[in-house]
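Have a look at the structure below, then the notes.
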Amino acid sequence: MPQRTKIRKDEWERRLHEVQVTKGDLNRLIMDYLVIEGYKSAAQEFSDEAGIVPPVDFESIESRMVIREALQRGDVEEAITRVNDLNPEILDTNPSLYFHLQQQKLIEYIRQGRIAEALQFAQDELAPRGEESPEFLAELERTMALLAFDSSLSAPSAITDLLSPAQRMKTAGEVNAAILESFSQGKEVKLVQLLRLLCWGESMLSERADFPKVDVHGGVSSDDGTGEVTPMHE
Amino acid sequence: MTQDHRATGIPNGVRGSSTVASSPPTRHTARSFTHSSVLFNPGTAYPYTTYEPRVIRVDSARNTDVACPQSSSVSPTRARRPSATDVRALSAQRSSVAHIPAPTTEPAPFSRPSYLEHSALRHLLQTESPSLPPPRKAESTAVRADYTVGRRVQRSPSYDSDEDDMSPPREVRKSTPLPVTTSSPALLLPTRWSDEYRSPHLTVCSDGRELIYQGTTGGSDKDVAPARTAVPVPPACGIFYYEVEITSKASKNRVSVGFIGQDVKMSRLPGWEKNSWGYHGDNGTICSGDKNGTSFGSTFGVGDIIGCGVDFTQNKVFYTKNGALLGTVFDNVGKDCDIFPAVGLCHPNESIHANFGQDPFKYDIEDHVLQQRNQTWAKIQSTPLKWPADKFPERSTDALASPSSVTDESVKIPVNELVLSYLSHHGYARATRALEAQCRARGGLPARTPSAISAEDYVMVNVGHGLSTIPSKPTPIPPPVPADDIELRTRIVQSVIAGDVDTALSETRNHFPRVLEADAGLMLFKLRCRKFVELVLEAAELKKKRATGENEMGVGAYGPGWGLDSLDRVEVMGTLDGMGMDVDEEGAGLDMNTSTGTSMSSTPISVKLTPTPSVVSLASTASWASAAAAQYASALEKAVAYGQELESDYKNRPEVRAIFKRTSVIMAYDDPLGAGGDAAEVAGQAARVALATELNQAILQSQGRPAQPLLDRLYRQTAVCLTQLALMGNGAAAFADMPKEFLDV
Numbered sequence: 001m002p003q004r005t006k007i008r009k010d011e012w013e014r015r016l017h018e019v020q021v022t023k024g025d026l027n028r029l030i031m032d033y034l035v036i037e038g039y040k041s042a043a044q045e046f047s048d049e050a051g052i053v054p055p056v057d058f059e060s061i062e063s064r065m066v067i068r069e070a071l072q073r074g075d076v077e078e079a080i081t082r083v084n085d086l087n088p089e090i091l092d093t094n095p096s097l098y099f100h101l102q103q104q105k106l107i108e109y110i111r112q113g114r115i116a117e118a119l120q121f122a123q124d125e126l127a128p129r130g131e132e133s134p135e136f137l138a139e140l141e142r143t144m145a146l147l148a149f150d151s152s153l154s155a156p157s158a159i160t161d162l163l164s165p166a167q168r169m170k171t172a173g174e175v176n177a178a179i180l181e182s183f184s185q186g187k188e189v190k191l192v193q194l195l196r197l198l199c200w201g202e203s204m205l206s207e208r209a210d211f212p213k214v215d216v217h218g219g220v221s222s223d224d225g226t227g228e229v230t231p232m233h234e
Numbered sequence: 001m002t003q004d005h006r007a008t009g010i011p012n013g014v015r016g017s018s019t020v021a022s023s024p025p026t027r028h029t030a031r032s033f034t035h036s037s038v039l040f041n042p043g044t045a046y047p048y049t050t051y052e053p054r055v056i057r058v059d060s061a062r063n064t065d066v067a068c069p070q071s072s073s074v075s076p077t078r079a080r081r082p083s084a085t086d087v088r089a090l091s092a093q094r095s096s097v098a099h100i101p102a103p104t105t106e107p108a109p110f111s112r113p114s115y116l117e118h119s120a121l122r123h124l125l126q127t128e129s130p131s132l133p134p135p136r137k138a139e140s141t142a143v144r145a146d147y148t149v150g151r152r153v154q155r156s157p158s159y160d161s162d163e164d165d166m167s168p169p170r171e172v173r174k175s176t177p178l179p180v181t182t183s184s185p186a187l188l189l190p191t192r193w194s195d196e197y198r199s200p201h202l203t204v205c206s207d208g209r210e211l212i213y214q215g216t217t218g219g220s221d222k223d224v225a226p227a228r229t230a231v232p233v234p235p236a237c238g239i240f241y242y243e244v245e246i247t248s249k250a251s252k253n254r255v256s257v258g259f260i261g262q263d264v265k266m267s268r269l270p271g272w273e274k275n276s277w278g279y280h281g282d283n284g285t286i287c288s289g290d291k292n293g294t295s296f297g298s299t300f301g302v303g304d305i306i307g308c309g310v311d312f313t314q315n316k317v318f319y320t321k322n323g324a325l326l327g328t329v330f331d332n333v334g335k336d337c338d339i340f341p342a343v344g345l346c347h348p349n350e351s352i353h354a355n356f357g358q359d360p361f362k363y364d365i366e367d368h369v370l371q372q373r374n375q376t377w378a379k380i381q382s383t384p385l386k387w388p389a390d391k392f393p394e395r396s397t398d399a400l401a402s403p404s405s406v407t408d409e410s411v412k413i414p415v416n417e418l419v420l421s422y423l424s425h426h427g428y429a430r431a432t433r434a435l436e437a438q439c440r441a442r443g444g445l446p447a448r449t450p451s452a453i454s455a456e457d458y459v460m461v462n463v464g465h466g467l468s469t470i471p472s473k474p475t476p477i478p479p480p481v482p483a484d485d486i487e488l489r490t491r492i493v494q495s496v497i498a499g500d501v502d503t504a505l506s507e508t509r510n511h512f513p514r515v516l517e518a519d520a521g522l523m524l525f526k527l528r529c530r531k532f533v534e535l536v537l538e539a540a541e542l543k544k545k546r547a548t549g550e551n552e553m554g555v556g557a558y559g560p561g562w563g564l565d566s567l568d569r570v571e572v573m574g575t576l577d578g579m580g581m582d583v584d585e586e587g588a589g590l591d592m593n594t595s596t597g598t599s600m601s602s603t604p605i606s607v608k609l610t611p612t613p614s615v616v617s618l619a620s621t622a623s624w625a626s627a628a629a630a631q632y633a634s635a636l637e638k639a640v641a642y643g644q645e646l647e648s649d650y651k652n653r654p655e656v657r658a659i660f661k662r663t664s665v666i667m668a669y670d671d672p673l674g675a676g677g678d679a680a681e682v683a684g685q686a687a688r689v690a691l692a693t694e695l696n697q698a699i700l701q702s703q704g705r706p707a708q709p710l711l712d713r714l715y716r717q718t719a720v721c722l723t724q725l726a727l728m729g730n731g732a733a734a735f736a737d738m739p740k741e742f743l744d745v
């Protein structure tokens, strides 16, 4: 039984054709993406053009995005204020999120070279929390290590990563997810889940069968036997 | 594929806010009228817009996305994902169909146990029909064999997301059961002990669930008496579970419960052999391929209910006792062979009664399965997302330089492009533009200007997984679609849907000439055929109107100037019997909505009438009638002339003759739409939509874009991969329930 199965392309195409999915289904996946990722105007237009009722009101998308933008430009204080305006419970009930926001604030101080303020802030706000949990402490130590390097060029990447835009994105993503959760809206983008599932499915099946992989360029693979389809990953 | 039809069984109009209340039909020609989306309904308060940027558009009430009226269908009820409840209903229904009339000795068929609703392939799982040989079973086996060979008896309707979703809204659709597609295997569930695969010492009672030891001697190893089901456990269950109650009246009991492989001898207890797993009540041991086994702690005997489940996500077995989980044991169960529920008895008058889901289980198996399902999903979702390496070759190189953590941020650009290409494909022009602008502002698209956020923010993820980051054959990224392009394409497609082939033809010729030249002008020919059809329909409509005018003058209150401006499309609602009409206040235009009788009953179609000045000022019945007659004659003449032109233009083109032949059939009918059958199919709104879809795809392809949105392909690819995995015994795939995860909003 653990013999390798080979699935011919025409058979595969036939099965693809039989999968039940409608344009309406895919439209909803797209809407989910636009809403969660906060593309407010695109979501509005799409809702209008495709006749889809949006799962949340557009204003909440807006406020999430304002918060996200604040974090992305480094204005942590503004973000915290706005999250609390939206729903004070979000930060109250989520110590880890609150810590990460404070950590981000510390990072921003350091980035701006406001060392005295950074130290003061770390002592007042972060150190007490570091005592609460070893995870927080480790994060605090990593952040404080930024101060030890004159030029970030000489620092190990694990430390300089904190100064990268990706770190801001990470914090912003965490806040976004928490807000969505507070609206009992899914926080995982279904589209991304679908892509993960595809990656998982193709790699699992590759272990046991030969089958046409998806061609991300053409969508539908051409019929010449030579080109075959572009492997998803190999 | 564009010829496929789908049925919903639900007229589109039921959800339109502006659906006109229609009275019961009064004649056989009655139109079951539904709200036509292409048209403006004067009854709504929404502003009328002349240009709708969507390819397919419903109405201003924006609660649907159906460009065209309800499509007709040749296939039966539209298949839908079943909800848990209707799956039960479905299986009940299916069983009852499968099993008419049950002999009294046979147990009643039962519906699929509810814990199996967590399997993604639940629709394939069927409770075995108890009568042997059951007709249902024969059929299922045939289908199954067919699947493995890859040959099919019958094609099932396909579901093409590129066509418009003409299915009713979800809540309505939920009530429609999901049929087992003919190409998918029906998977039988074990529901009874086999009469064949059992020890001769055992008697199987009539319902197949009870076993009684009938031997005279007992107790020794040579007296052991196993039995198993005839049907193996389909791994597509994800988890399969059954319970056994020890009902013996014997003084001594030695019952064992478990699973065995196909070839295990029917003289050995479960667990004694290889490919055999058992839990033994007399000494409380579990064993597999080993007579002695290891202690499992608890013995069991008369009155106990032992549950036994196999979990294909781990290939392990778990046992329960009187509703409590005992533990999960064994490894590699069912990995290399089919496995069957099995029990072993040993003493005279020992008996057991099995529950394969016919009755409620003692153990909360549903919760158990749910937990496992959620864990499995979480595990799958924790695998890193890898986007194909060669999509963004230039960024892959960056990734090499600065390996970064794998986060969703890293695939933002490709996902954005995926979404954009989808929106653009379907002609959602405003959404496309809005998203493009927002993405660019956020840096979620490849940078165009130096000021955009640097590429390092969006490091590709294929790094660090041993993947080749150097593309074997870099493919250039197609340039983003200019917004004008979408609108243009949308306008062309919309013209076809509205029946305005001339506009579609000239716009296509001006902007996408290659579309008409491709395939030796096939698309041109198809469009011209459609034009011919539109001319015939127009003539038929005029004829009908003439008759109406004669018969019902005074009912149809035609305002002056009807039909004058075909661009100002006004929805005219066919009321009652479809002959009466409303004209909107402005009287600016007229669209005759008709729908056909039987098969096309839910397909209203708007036929545009070319204005004839003579009609305008007519007031009296007589002059109206004669003008109508003249109009009809001229329209008919025009249609015939066009048909002859087509005929002569393509007489040397044998490859397209068949299409033409099929098209010209409509000439034979006074009222092609009402004629039903082939003529209605050629003429109806569904044919317009199909042609519009085809034209949209042809335009896209002429620009080097895929005919289907990539997202559509990705979804299908995922579904097919998972189904294949689940059928091959991958339990995790069986729990990856795509409709539930992605489609139930």
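These protein sequence lines are chains E and V, in that order. Numbering-wise, UniProt numbering puts 101 at position 101 of the first sequence, and it's gapless, one number per residue. Numbering-wise, UniProt numbering puts 44 at position 44 of the second sequence, and it's gapless, one number per residue. In this text, a Cβ means the ideal position worked out from N, Cα and C, and glycines have one as well.
Under a three-way DSSP split, which group does residue i fall into?
{"i": "V/S131", "result": "With a pLDDT of 40 at V/S131, under the threshold of 50, the predicted position of this residue should be treated as unreliable, and no value is reported."}
{"i": "V/R514", "result": "helix"}
{"i": "V/C308", "result": "strand"}
{"i": "V/P739", "result": "helix"}
{"i": "E/E59", "result": "helix"}
{"i": "V/H123", "result": "helix"}
{"i": "V/E350", "result": "coil"}
{"i": "E/E188", "result": "coil"}
{"i": "E/L16", "result": "helix"}
{"i": "V/K274", "result": "coil"}
{"i": "V/T113", "result": "Sequence inspection shows Pro at residue 113 of chain V; the Thr mentioned does not correspond to that position. V/P113 falls in the coil class under three-state DSSP."}
{"i": "residue 754 of chain V", "result": "A question about residue 754 of chain V goes unanswered here, because the residues of chain V that appear run from 1 up to 745."}
Determine the direct distance from the alpha carbon of residue j to that of residue i, and round the result to whole angstroms.
{"i": "E/S63", "j": "E/R196", "result": "28 Å"}
{"i": "V/P348", "j": "V/Q214", "result": "6 Å"}
{"i": "V/V615", "j": "V/A658", "result": "Only weak support exists for where V/V615 lies, its pLDDT of 45 falling under 50; the value from the coordinates is given anyway. About 38 Å."}
{"i": "V/L516", "j": "V/V720", "result": "34 Å"}
{"i": "residue 746 of chain V", "j": "V/A629", "result": "In this structure chain V extends from 1 to 745, so residue 746 of chain V is not present and cannot be described."}
{"i": "residue 756 of chain V", "j": "V/E245", "result": "In the structure displayed, chain V extends from 1 to 745; residue 756 of chain V sits before or after that span and is not available."}
{"i": "V/D712", "j": "E/W200", "result": "18 Å"}
{"i": "E/R168", "j": "V/Q703", "result": "39 Å"}
{"i": "E/K9", "j": "V/S648", "result": "41 Å"}
{"i": "V/S288", "j": "V/E741", "result": "37 Å"}
{"i": "V/K316", "j": "V/V333", "result": "6 Å"}
{"i": "V/Y650", "j": "V/L527", "result": "13 Å"}
Go to residue i, then tell me how far its alpha helix (DSSP H) extends in each direction, as first and last residue.
{"i": "V/K661", "result": "654 to 664"}
{"i": "E/T81", "result": "76 to 86"}
{"i": "E/A148", "result": "Note, E/A148: premise wrong, no alpha helix (DSSP H); not H, not E."}
{"i": "V/S421", "result": "412 to 425"}
{"i": "V/R228", "result": "Here V/R228 belongs to no alpha helix (DSSP H); instead the beta strand (DSSP E) covers 225 to 229."}
{"i": "residue 236 of chain E", "result": "Outside the shown range of chain E, which is 1 to 234, sits residue 236 of chain E, and nothing can be said about it."}
State the start and end residues of the unbroken beta strand (DSSP E) segment that holds residue i.
{"i": "E/L137", "result": "Where E/L137 is concerned, there is no enclosing beta strand (DSSP E), although the alpha helix (DSSP H) it sits in stretches over 134 to 144."}
{"i": "V/K316", "result": "316 to 321"}
{"i": "V/T285", "result": "285 to 288"}
{"i": "V/T203", "result": "202 to 204"}
Quiz item: Any residues in the stretch 39 to 55 of chain E with a beta carbon nearer than 9 Å to a beta carbon of chain V? Which ones, in chain order?
Solution: Under the 9 Å Cβ criterion, the stretch 39 to 55 of chain E contributes Y39, K40, S41, A42, A43, Q44, E45, F46, S47, D48, E49, A50, G51, I52, V53, P55.
Quiz prompt | Interface residues of the stretch 248 to 263 of chain V facing chain E [CB-CB below 9 Å] | solution = none
Quiz item: Using a Cβ cut-off of 7 Å, which residues of the stretch 533 to 547 of chain V contact any Cβ in chain E, in chain order?
Solution: none
Quiz item: Taking contact to mean at least 3 C-beta pairs separated by less than 8 Å, is the stretch 21 to 28 of chain E in contact with the stretch 122 to 141 of chain E?
Solution: no
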